Amino acid sequence: MHLSAQTHYQAELDAGRFCLQHCPQCQNHVFTPRELCPHCGASPLRWVRASGLGTVYSATTIARKADAGGNYNVALIDLDEGVRMMSRVEGVAPEAVHIGQRVQAHVAHKDGRGLVLFQPAVQGGAE
Amino acid sequence: MSRVPQSHLDAAAVNRPLRGRVAIAGAATYGCGEAPGMDDMTLLVRAAHAAVADAGLTMQDIDGLATCSVNASMWTMPVIEHLGINPTYVDGTMIGGSSFIAHLLPAMRALEAGQCKAVLVCYGSAQRSATFGRKEGVAARRFLDPQPYEHPYEPVLPVAAYALAAARHMHEFGTTREQLAEVAVAARAWAQKNPEAFMRDPLTIEDVLSARPIASPLGVRDCCLVTDGGGAIVLTRAERARDLPRPPVYVLGNATAIWNRQISCMPDLTTTAAAQSGAQAFAMAGLKAADMDMAQVYDAFTINTILFLEDLGFCAKGEGGAFVAAGGIAPGGRLAVNTNGGGLSCVHPGMYGIFALIEAVRQLRGETGARQLSKHRTAVVHGNGGTLSSQSTAVLGTAETL
Ligand SMILES: [Zn+2]
Chain A
1 MHLSAQTHYQ AELDAGRFCL QHCPQCQNHV FTPRELCPHC GASPLRWVRA
51 SGLGTVYSAT TIARKADAGG NYNVALIDLD EGVRMMSRVE GVAPEAVHIG
101 QRVQAHVAHK DGRGLVLFQP AVQGGAE
Chain B
1 MSRVPQSHLD AAAVNRPLRG RVAIAGAATY GCGEAPGMDD MTLLVRAAHA
51 AVADAGLTMQ DIDGLATCSV NASMWTMPVI EHLGINPTYV DGTMIGGSSF
101 IAHLLPAMRA LEAGQCKAVL VCYGSAQRSA TFGRKEGVAA RRFLDPQPYE
151 HPYEPVLPVA AYALAAARHM HEFGTTREQL AEVAVAARAW AQKNPEAFMR
201 DPLTIEDVLS ARPIASPLGV RDCCLVTDGG GAIVLTRAER ARDLPRPPVY
251 VLGNATAIWN RQISCMPDLT TTAAAQSGAQ AFAMAGLKAA DMDMAQVYDA
301 FTINTILFLE DLGFCAKGEG GAFVAAGGIA PGGRLAVNTN GGGLSCVHPG
351 MYGIFALIEA VRQLRGETGA RQLSKHRTAV VHGNGGTLSS QSTAVLGTAE
401 TL
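So the protein sequences, as listed, match chains A and B. The first sequence lines up with residues 1 to 127 when you count with UniProt numbering. The second sequence lines up with residues 1 to 402 when you count with UniProt numbering.
Structural data, given as structure tokens:
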């Protein structure tokens, strides 16, 4: 059975693994998951484990009432593999998340489903 | 990472023969602001009826239709049913708020080919008054139009996407919150000259900066309205438009570009596909930004106006903040932008594109009263859809621009 790229990605996340696609033809990493390489059109793409290291490309603090959980961060992260993804940077005040900040991914679970969250990188290079 | 795709289309060569061959012969709005008791179809039909009458035609003369809806995926069919027409040309392309501007070029080809004689481009939405189904609609769209790589992070779309673009623009170019606020204040100043505008109270930079935060750096006054409203235009071949009662507004150029759906897949958050649609529309028109007497651009959020003024060529990339500062786009400024008050202060019923077109038509015809520009021969109209996803640019002009 051929799983859709999205199903495969989510199944890996649910099992605690953060994976990206890699194009065997042009050697680019690919995210978001898809069937064809958006750079060269090749297929199939192969799955590889993400390093999880990245840099904040942009960030916003979403205003939310305190009794609903309070403000939170939404960010776009440029992974070291050369792809970008949306996520949240947690473990720090949402207002303290800033562009250029180095961050490290981990897989969390919400309602039984895996998702990728980030926290400020302890090591992994200067900002 | 910021690999911005480039089109290979030579718009000047391919589309130039259509320049000025089609004109907007009729235009109308209906129920802008609050229209309690109305629904999407009623607003659309009443605007359509008024636009067709404005063109000096009857509904039986309409044999082309372009329309789409935020909610209904097969919207052309009930619209045809309600209007009682039998079109030989139908376009239901839905690419968000830029749709109605993107409907122009295919309609021009159909008119020029003789497939139809009069195309009605129309829209209606009771987004403000219709409380029924709003929550269900959001839930249904998540299922029908999923964004599985964004929704788990609860980004509160669309505003969070525009906030991310604004934050990046501020980071790269030093754009300030005050400069963003200038866009909202200028829109309000124009709205105060427009009896049809929904919000006409005085608005200061300080009001915008101190407004309720939504998604930093954007507050509630950086965000467009939620209103009701219908709008429609009628397109005919230029020869026929000259025999109709209203001064023809010629379509000199139009182009559409899409680079992404999700904001996380946008190659570079400070350059939009308007750079492509604008270049191609201007190439078709044989004109440039400096030739424009006005710009009507889709201001869903204050950052939009700055991005689009840059991408359309009114200033260099990164200089949009300085361009709008100190009343640069307010009445009396260096460039007249969104002279009806825009989506920020005039009208924004889900999708705004048709209203930008209609305001340009009214300005070019010289019928906008207190806000009328003294120079009104050329206009650029720019539509945006999704989360900086689809972009469509039109260049319009009066008879003297042919
Ligand atoms: Zn490839």
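Think of the CB as a built atom: it goes at the ideal place given N, C-alpha and C, for glycine as much as any other residue. Please read all numbers here as calculations on a predicted model, not as lab measurements.
Going along chain B, which residues have a C-beta under 7 Å from Ser-87 of chain A? Within the first sequence, residue 87 of chain A is the residue found at index 87, counting from 1. Correct list: Tyr-153.
Touching by the beta-carbon criterion (3+ pairs, under 8 Å), the segment 175-190 of chain B and the segment 210-228 of chain B: yes
Bridge partner(s) assigned by DSSP for Cys-122 of chain B: Taking the second sequence and counting its residues from 1, the one referred to as residue 122 of chain B is at position 122. Paired residues: B:Thr-67 and B:Ala-232.
Report all residues from its chain with a CB closer than 6 Å to the CB of Val-83 of chain A; omit the five preceding and five following residues, and keep chain order. Looking up residue 83 of chain A in the first sequence gives position 83. Hits under 6 Å: His-29 and Phe-31.
Quick one, which of B:Phe-314, B:Thr-270, B:Thr-271 and B:Ala-275 has its alpha-carbon nearest Asp-291 of chain B's? Here residue 291 of chain B refers to the residue found at position 291 when the second sequence is read from its first residue. Measuring from the Cα of Asp-291 of chain B, the nearest candidate turns out to be B:Phe-314.
From this set, A:Ala-93, A:Gly-41 and A:Leu-53, which residue's C-alpha is nearest Leu-79 of chain A's C-alpha? By one-based count along the first sequence, residue 79 of chain A stands at place 79. Leu-79 of chain A has its Cα closest to that of A:Leu-53, out of A:Ala-93, A:Gly-41 and A:Leu-53.
Proximity of Gly-64 of chain B and Cys-116 of chain B at Cβ, strictly below 8 Å: By one-based count along the second sequence, residue 64 of chain B stands at place 64. By one-based count along the second sequence, residue 116 of chain B stands at place 116. Yes, they are a contact pair.
Between Glu-310 of chain B and chain A, is any beta-carbon pair separated by less than 8 Å? Position 310 of the second sequence, counted from the start, is the residue given in the question as residue 310 of chain B. So, not an interface residue.
Taking the runs of the alpha helix (DSSP H) that are 4 residues or longer, which of them lie wholly in the segment 131-207 of chain B? 134-144, 159-173 and 177-191
Assuming Asn-254 of chain B and Ala-289 of chain B are in contact, meaning their beta carbons sit under 8 Å apart, how far apart are those beta carbons, in whole angstroms? Taking the first residue of the second sequence as 1, we reach residue 254 of chain B at position 254. Taking the first residue of the second sequence as 1, we reach residue 289 of chain B at position 289. About 16 Å separates the two Cβ atoms, so there is no contact after all.
Let me know if Asn-86 of chain B comes out buried or exposed under the rule of 16 or more other beta-carbons within 10 Å of its beta-carbon. Reading the second sequence from its first residue, position 86 is the one you call residue 86 of chain B. Classification of Asn-86 of chain B: exposed, given that the 10 Å Cβ count is below 16.
Residues near Asn-194 of chain B by beta carbon distance below 7 Å, same chain, minus five either side: Taking the second sequence and counting its residues from 1, the one referred to as residue 194 of chain B is at position 194. Excluding residues within five positions, the ones whose Cβ falls inside 7 Å are Asn-340, Gly-341, Cys-346 and Arg-371.
Strictly under 8 Å for the Cβ-Cβ distance: is Arg-242 of chain B near chain A by that measure? Taking the first residue of the second sequence as position 1, residue 242 of chain B is located at position 242. No, its Cβ sits nowhere closer than 8 Å to a Cβ of chain A.
Range covered by the beta strand (DSSP E) that runs through Ala-11 of chain A: Residue numbering aside, residue 11 of chain A sits at position 11 when the first sequence is read from its first letter. No beta strand (DSSP E) holds Ala-11 of chain A; the alpha helix (DSSP H) holding it covers 5-14.
Residues of its chain near Ala-42 of chain A, where Cβ-Cβ distance is below 8 Å and the 5 sequence neighbours each way are ignored: Locating residue 42 of chain A in the first sequence gives position 42, counting from the first residue. Cys-23, Pro-24, Gln-25, Cys-26 and Leu-36, listed in sequence order.
Own chain residues within Cβ distance below 6 Å of Arg-21 of chain B, not counting five before or after: Working through the second sequence from its first residue, we reach residue 21 of chain B at position 21. If we look at Arg-21 of chain B and ignore the five residues flanking it on each side, its Cβ neighbours are Glu-112 and Ala-238.
Among B:Glu-196, B:Glu-34, B:Ala-165 and B:Leu-287, which one has its Cα closest to the Cα of Ala-126 of chain B? By one-based count along the second sequence, residue 126 of chain B stands at place 126. It is B:Glu-34 whose Cα lies nearest to the Cα of Ala-126 of chain B.
Against chain B: residues of the segment 60-77 of chain A by CB proximity under 7 Å: Thr-60, Thr-61, Ile-62, Ala-63, Val-74 and Leu-76
My guess is that Ile-233 of chain B and Ala-27 of chain B are in contact by the Cβ rule of under 8 Å, so how many angstroms apart are they, rounded? Looking up residue 233 of chain B in the second sequence gives position 233. Looking up residue 27 of chain B in the second sequence gives position 27. The Cβ separation is near 5 Å, so the contact holds.
Touching by the beta-carbon criterion (3+ pairs, under 8 Å), the segment 257-274 of chain B and the segment 53-67 of chain B: no
With H, G and I counted as helix, E and B as strand and the rest as coil, what does DSSP make of Leu-287 of chain B? Translated into positions along the second sequence, residue 287 of chain B becomes position 287. If DSSP states are grouped into helix, strand and coil, Leu-287 of chain B belongs with coil.
Do Thr-270 of chain B and Arg-128 of chain B have their beta-carbon atoms positioned less than 8 Å apart in this structure? In the second sequence, the residue the question calls residue 128 of chain B occupies position 128. In the second sequence, the residue the question calls residue 270 of chain B occupies position 270. The answer is no: Cβ separation not under 8 Å.
Taking C-beta to C-beta, are Ala-360 of chain B and Val-297 of chain B nearer than 8 Å? Mapped onto the second sequence, residue 360 of chain B falls at position 360. Mapped onto the second sequence, residue 297 of chain B falls at position 297. No, the Cβ-Cβ distance between Ala-360 of chain B and Val-297 of chain B is not below 8 Å.
Give a yes or no on whether the minimum CB-CB distance between Ala-126 of chain A and chain B is below 8 Å. In the first sequence, residue 126 of chain A corresponds to position 126, counting from 1. With a pLDDT of 49 at Ala-126 of chain A, under the threshold of 50, the predicted position of this residue should be treated as unreliable, though the coordinate-derived value follows. Ala-126 of chain A does not count as touching chain B.
Would you please verify whether the beta carbon of Arg-84 of chain A is less than 8 Å from any beta carbon of chain B? As a working mapping, residue 84 of chain A is identified with position 84 in the first sequence. With 8 Å as the cut-off, Arg-84 of chain A counts as an interface residue toward chain B.
Compute every distance between the C-beta of Gln-21 of chain A and the non-hydrogen atoms of ligand 1, then say whether any falls below 7 Å. Numbered from its first residue, the first sequence carries residue 21 of chain A at position 21. Not under cutoff, so the answer is no.
So does Ala-399 of chain B have its beta carbon nearer than 7 Å to some heavy atom of ligand 1? Numbered from its first residue, the second sequence carries residue 399 of chain B at position 399. Result no, Cβ not under 7 Å from ligand 1.
With a threshold of 8 Å between beta-carbons, can Ser-264 of chain B be considered close to chain A, or not? In the second sequence, residue 264 of chain B corresponds to position 264, counting from 1. Answer yes: the Cβ-Cβ gap between Ser-264 of chain B and chain A drops below 8 Å somewhere.
CB contact below 8 Å: His-171 of chain B versus chain A: Residue mapping note: residue 171 of chain B aligns to position 171 of the second sequence, counting from 1. Yes, His-171 of chain B counts as interfacial toward chain A.
Top-ranked residue by Cα proximity to Val-337 of chain B, from B:Thr-378, B:Ser-69, B:Ser-98 and B:Glu-367: Translated into positions along the second sequence, residue 337 of chain B becomes position 337. Checking every option, the nearest Cα to that of Val-337 of chain B belongs to B:Thr-378.
Is there a Cβ from chain B that is less than 8 Å from the Cβ of Thr-32 of chain A? Position 32 of the first sequence holds residue 32 of chain A. Closer than 8 Å to some Cβ of chain B, the Cβ of Thr-32 of chain A qualifies, so yes.
Would you say Ser-4 of chain A reaches chain B, if we count a Cβ-Cβ gap shorter than 8 Å as a contact? The count along the first sequence starts at 1 and reaches residue 4 of chain A at position 4. Not an interface residue.
So that I know if they touch, is there some Cβ in chain A lying closer than 8 Å to that of Arg-168 of chain B? Taking the second sequence and counting its residues from 1, the one referred to as residue 168 of chain B is at position 168. With 8 Å as the cut-off, Arg-168 of chain B counts as an interface residue toward chain A.
Give every residue of the same chain whose Cβ lies closer than 7 Å to the Cβ of Gln-147 of chain B, excluding the five residues on either side of it in the sequence, and list them in chain order. Position 147 of the second sequence, counted from the start, is the residue given in the question as residue 147 of chain B. Here the set comprises Gln-262.
Would Leu-115 of chain A count as contacting chain B if we go by Cβ distances under 8 Å? Position 115 of the first sequence holds residue 115 of chain A. Yes, contact with chain B.
Could you tell me if the beta carbon of His-29 of chain A falls within a distance shorter than 7 Å of some heavy atom in ligand 1? Translated into positions along the first sequence, residue 29 of chain A becomes position 29. Result no, Cβ not under 7 Å from ligand 1.
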